[in-house]
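Start counting the sequence shown at 34; every next residue gets the next number (the numbering used here). Worksheet: the structure to be examined is printed underneath.
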Amino acid sequence: MSDALASRPGSSGESARPAGGHLTGGPMDGPMDGPMDGPVYLDYNATTPVDPQVTEAMLPYLTAWFGNPSSSHPYADRPRRALADARAQVAALIGAQAAQMVFTASGSEANLLAVRGALLAAGRPRPRVITQATEHPAVLETCHALARLHDARVTVLPVDGDGLVNPATLAAALDEDTVLVSVMAANNETGALQPIAELAALTHARGALLHCDAAQAAGKIPLDVTKLGADLLTLVGHKMYAPKGIGALYVREGVTLEPVVYGGGQERGLRAGTENVALAVALGAAADLAAHDLATGAPTRLAHLRDDLHRRLDAALPGRVHLNGPTGQRLPNTLNLSIDGIHGHDLLAAVPAVAASTGSACHSGTHTPSPVLSAMGLDTDRALSAVRLSLGRWSTSTDIKTAAAALISAALTVSHPMPGLANSAEQATS
Ligand SMILES: Cc1ncc(COP(=O)(O)O)c(C=O)c1O
34 MSDALASRPG
44 SSGESARPAG
54 GHLTGGPMDG
64 PMDGPMDGPV
74 YLDYNATTPV
84 DPQVTEAMLP
94 YLTAWFGNPS
104 SSHPYADRPR
114 RALADARAQV
124 AALIGAQAAQ
134 MVFTASGSEA
144 NLLAVRGALL
154 AAGRPRPRVI
164 TQATEHPAVL
174 ETCHALARLH
184 DARVTVLPVD
194 GDGLVNPATL
204 AAALDEDTVL
214 VSVMAANNET
224 GALQPIAELA
234 ALTHARGALL
244 HCDAAQAAGK
254 IPLDVTKLGA
264 DLLTLVGHKM
274 YAPKGIGALY
284 VREGVTLEPV
294 VYGGGQERGL
304 RAGTENVALA
314 VALGAAADLA
324 AHDLATGAPT
334 RLAHLRDDLH
344 RRLDAALPGR
354 VHLNGPTGQR
364 LPNTLNLSID
374 GIHGHDLLAA
384 VPAVAASTGS
394 ACHSGTHTPS
404 PVLSAMGLDT
414 DRALSAVRLS
424 LGRWSTSTDI
434 KTAAAALISA
444 ALTVSHPMPG
454 LANSAEQATS
């Protein structure tokens, strides 16, 4: 593995993609040949390509080593060992023990297991859960379902202009009925890093548990469950170069949860169903690669590229480019910008050379501002002008130059008179 790792772009600091050409020996061979002839991929927070080393690690468990790890004959041996190894690899990425990891079918499911599991297991009438406004819908909607179906009380904390929770606000909201506080490590749209350790200390002082959705943080910044003080922590495969359909939940020992799937007792009885060994192996391999990235300077490399992109846009569009989210307390790969005078969706539509996203939703041709940016107090025009540019393992300086040139050219040529922006804004909020 180390030879292959040595040739990865994260370790050399430069491109694996020949300018304008196909990759050879890189991650975009095989199924990715087509798309990578297309736009520069700056949407790593939406999903990552599967690292070829991850694919290589998992494939034998779809072919030769197909056995059920719970069987009592030799076909089970290799899958059982692989599952145990994968659990240890994933645990190691967050400073946990293998026995503390529960594999799930997605990040959403891990969040459901944590939030619903903790609230129902508490066995209290009208349990309280505290979360915050910029959480992923997998957490927010779970909380609302618990209110609807189980009489839970839900407190959604506000955030400041950078999208951060003020610990004093949490301290004031905590009470003796609070069972769980759920706050994400890093926001998917802005990359804002919440002060988890501080929030966890306050939470524990009131006898409640802290769940941290680390879907976006895992592999991008170092994480240690003990230092964070997390009792429950969510990881997601497809944000860290494993396939979609695998996640994991760290469950500190002593924490009792109601299962998310009932049945055969797999995954410590918390998530029944014959284990998906191949995807667990993939997540284990991805965790190993992520640990290597973190140890070899990938976050610094990405932060440089990201800041170079920001500088280029700022220099070419003076006074029009506004960063959404914190400058410093942010994931190294994430750049959420509003460019005055053009909606994010119009900008991206005019730039087929770049694959990125806006946080806004489109319903019947009307764009609604991102709830995350709205919660941060951004006005409708600013929120509708946002684009999220997220970099990853195969982002190169050539990509950044190409993307910056294309975005600048579109922002200079496609512009909307402000009344047009205002009209759309009215529609969006009506
Ligand atoms: C912060 C965060 N939490 C949870 C999820 C959900 O993960 P999954 O798509 O695996 O259900 C995502 C995915 O976008 C996310 O960004």
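Here a beta-carbon is modelled for each residue, glycine too, at the ideal position from N, C-alpha and C.
Margin query: Spatial neighbours of A324 within its chain, please: C-beta separation below 7 Å, excluding the five flanking residues on both sides.
Written below: Counted from its first residue, the sequence shown places residue 324 at position 291. Excluding positions up to five away in sequence, the list reads A125 and L126.
Next item on the list: May I ask which residues mark the beginning and end of the alpha helix (DSSP H) holding I433?
Entry: Walking along the sequence shown from the start, residue 433 turns up at place 400. I433 -> alpha helix (DSSP H) spans S430 to T446.
Note to self: Here's a check: name, in chain order, each residue in its chain whose Cβ is nearer than 7 Å to the Cβ of T435, leaving out the five neighbours to either side.
What the structure shows: By 1-based counting over the sequence shown, the position of residue 435 is 402. Cβ neighbours of T435 beyond the five flanking positions: V73 and A386.
Margin query: Could you check if N309 belongs to the surroundings of ligand 1, using beta carbon to heavy atom distance under 6 Å?
Written below: As a first step, residue 309 is located in the sequence shown; it is residue number 276 there, counting from the start. No - ligand 1 has no heavy atom lying nearer than 6 Å to the Cβ of N309.
Notebook entry, point to check: When you compare only the Cα positions, how much space is there between T333 and P365?
Noted result: Within the sequence shown, residue 333 is the residue found at index 300, counting from 1. Within the sequence shown, residue 365 is the residue found at index 332, counting from 1. P365 has its alpha-carbon roughly 7 Å from the corresponding atom of T333.
Next item on the list: Give the secondary structure of Q249 by DSSP, where H, G and I count as helix, E and B as strand, and everything else as coil.
Entry: By 1-based counting over the sequence shown, the position of residue 249 is 216. Coil.
Check: With which residues is M134 paired in a DSSP beta bridge?
Finding: Position 101 of the sequence shown holds residue 134. DSSP lists Y283 as partners of M134.
Next item on the list: Indicate whether the contact test is met: 3 or more Cβ pairs, each with one atom in the stretch 83 to 93 and one in the stretch 259 to 277, closer than 8 Å.
Entry: Flag = yes, the stretch 83 to 93 and the stretch 259 to 277 touch.
Notebook entry, point to check: Thinking C-alpha only, which one of A388, L243 and H343 is nearest Q165?
Noted result: One-based indexing of the sequence shown puts residue 165 at position 132. The shortest Cα separation from Q165 among A388, L243 and H343 belongs to L243.
Check: Nearest CA to the CA of V214: which residue from N221, N220 and R239?
Finding: If you number the sequence shown from 1, residue 214 lands on position 181. Of the candidates N221, N220 and R239, the residue whose Cα lies closest to the Cα of V214 is R239.
Check: Measuring CB to CB, does T223 end up less than 7 Å from N357?
Finding: The residue you call residue 223 lines up with position 190 of the sequence shown. The residue you call residue 357 lines up with position 324 of the sequence shown. In this structure, N357 lies closer than 7 Å to T223 by Cβ.
Margin query: Using 7 Å as the threshold, is the C-beta distance between D397 and D76 below it?
Written below: Here residue 397 refers to the residue found at position 364 when the sequence shown is read from its first residue. Here residue 76 refers to the residue found at position 43 when the sequence shown is read from its first residue. Going by the sequence as given, residue 397 is Ser instead of Asp. Cβ atoms of S397 and D76: not closer than 7 Å.
Margin query: In whole angstroms, give me the CA-to-CA distance for P170 and H106.
Written below: Within the sequence shown, numbered from 1, the residue matching residue 170 stands at position 137. Within the sequence shown, numbered from 1, the residue matching residue 106 stands at position 73. One C-alpha to the other measures close to 43 Å.
Next item on the list: Report yes if the C-beta distance between L422 and P402 is below 7 Å; otherwise report no.
Entry: Locating residue 422 in the sequence shown gives position 389, counting from the first residue. Locating residue 402 in the sequence shown gives position 369, counting from the first residue. Not in contact: L422 and P402 (Cβ atoms no closer than 7 Å).
Next item on the list: Could you spell out the range, first to last residue, of the alpha helix (DSSP H) harbouring H396?
Entry: Position 363 of the sequence shown, counted from the start, is the residue given in the question as residue 396. In this chain, H396 is not harboured by any alpha helix (DSSP H); it is covered by the beta strand (DSSP E) spanning A394 to H396.
Next item on the list: Compute the Euclidean distance between the alpha carbons of A382 and S371, then round it to the nearest angstrom.
Entry: Here residue 382 corresponds to residue number 349 of the sequence shown, with the count starting at 1. Here residue 371 corresponds to residue number 338 of the sequence shown, with the count starting at 1. In a straight line, the C-alpha of A382 is about 15 Å away from that of S371.
Next item on the list: Could you check the C-alpha separation between Q249 and Y108 for me, to the nearest Å?
Entry: Counting from 1 along the sequence shown, the entry for residue 249 is found at position 216. Counting from 1 along the sequence shown, the entry for residue 108 is found at position 75. Those two C-alpha atoms are separated by around 36 Å.
Checklist line | Candidates L95, A247 and M273, of which the one nearest N309 by Cα | finding: Taking the first residue of the sequence shown as position 1, residue 309 is located at position 276. Per the C-alpha coordinates, the member of L95, A247 and M273 positioned closest to N309 is L95.
Notebook entry, point to check: With C-beta atoms as the reference, is L322 less than 7 Å away from L424?
Noted result: The count along the sequence shown starts at 1 and reaches residue 322 at position 289. The count along the sequence shown starts at 1 and reaches residue 424 at position 391. For the 7 Å CB-CB criterion, L322 and L424 do not form a contact.
Check: Among V284, A439, T137 and S139, which residue has its Cα nearest to the Cα of L346?
Finding: Walking along the sequence shown from the start, residue 346 turns up at place 313. From the listed residues V284, A439, T137 and S139, the smallest Cα separation to L346 is found for A439.
Checklist line | DSSP three-state assignment for I375, whether helix, strand or coil | finding: Working through the sequence shown from its first residue, we reach residue 375 at position 342. The three-state secondary structure of I375, taken from DSSP, is coil.
Margin query: Would G314 and A305 be called neighbours here (beta carbons separated by less than 7 Å)?
Written below: Counting from one through the sequence shown, the residue named residue 314 turns up at place 281. Counting from one through the sequence shown, the residue named residue 305 turns up at place 272. Checking the displayed sequence, the identity of residue 314 turns out to be Val instead of Gly. A305 sits away from V314, with the two beta carbons spaced by 7 Å or more.
Notebook entry, point to check: According to the neighbour-count rule (16 or more other Cβ atoms, all chains shown, within 10 Å of its Cβ), is P16 buried or exposed?
Noted result: The structure shown does not extend to residue 16, since the chain spans only 34 to 463, so no value can be given for it.
Next item on the list: List the endpoints of the continuous alpha helix (DSSP H) containing H27.
Entry: As shown, the chain starts at 34 and ends at 463. That puts residue 27 outside it, with no answer to give.
Notebook entry, point to check: For Q299, which residues from the same chain have a beta carbon less than 8 Å from its beta carbon, with the 5 sequence-adjacent residues on both sides left out?
Noted result: Your numbering for residue 299 matches position 266 in the sequence shown. Counting only residues of its own chain and dropping the five nearest sequence neighbours on each side, Q299 has a CB closer than 8 Å to the CB of S103, A305, G306, T307 and E308.
Notebook entry, point to check: To the nearest angstrom, how far is it from the Cα of A458 to the Cα of D373?
Noted result: Counted from its first residue, the sequence shown places residue 458 at position 425. Counted from its first residue, the sequence shown places residue 373 at position 340. Annotation note: pLDDT 33 at A458 (below 50); position unreliable, coordinate value reported separately. Per the coordinates, the alpha-carbon of A458 lies some 14 Å from the alpha-carbon of D373.
Check: Taking the Cβ atom as the reference point for each residue, do A173 and V212 lie within a distance shorter than 7 Å?
Finding: Within the sequence shown, residue 173 is the residue found at index 140, counting from 1. Within the sequence shown, residue 212 is the residue found at index 179, counting from 1. The residue you asked about is not Ala; residue 173 is Leu in the sequence shown. No, Cβ-Cβ distance for L173 and V212 is not below 7 Å.
Check: In terms of DSSP beta bridges, what is Q165 paired with?
Finding: Numbered from its first residue, the sequence shown carries residue 165 at position 132. Answer by DSSP bridge pairing, in chain order: L190.
Notebook entry, point to check: Can you list, in chain order, the residues of its chain whose CB lies under 7 Å from that of A206, leaving out five sequence neighbours each side?
Noted result: Numbered from 1 along the sequence shown, position 173 holds the residue referred to as residue 206. Once the five neighbours on either side are set aside, the close Cβ partners of A206 are I163, T188 and L190.
Next item on the list: Return the CA-CA distance between A132 and R120, expressed in angstroms with no decimal places.
Entry: Counting from 1 along the sequence shown, the entry for residue 132 is found at position 99. Counting from 1 along the sequence shown, the entry for residue 120 is found at position 87. Computed Cα separation, rounded: 8 Å.
Note to self: Short of 6 Å in beta carbon distance, which residues of its chain neighbour D210, apart from the five on each side in sequence? Order them along the chain.
What the structure shows: The residue labelled residue 210 in the question sits at position 177 within the sequence shown. Correct list, in chain order: R161.
Check: Could you give the residue range of the beta strand (DSSP E) that holds S23?
Finding: Outside the shown range of the chain (34 to 463) lies residue 23, about which nothing can therefore be said.
Next item on the list: Name, in chain order, the residues that DSSP records as bridge partners for G232.
Entry: Here residue 232 refers to the residue found at position 199 when the sequence shown is read from its first residue. The question names Gly, yet the displayed sequence has Leu at residue 232. Answer is none; L232 lacks a bridge partner.
Check: In three-state DSSP terms, what is A388?
Finding: As a working mapping, residue 388 is identified with position 355 in the sequence shown. Residue state for A388 is assigned as strand, using DSSP reduced to three classes.
Next item on the list: Under 6 Å Cβ to Cβ from D184, same chain only, skipping five residues before and after it: list those, please.
Entry: The sequence position of residue 184 within the sequence shown is 151, counting from 1. Here D184 has R159 as same chain residues with Cβ atoms under 6 Å from its own Cβ, once five neighbours each way along the sequence are excluded.
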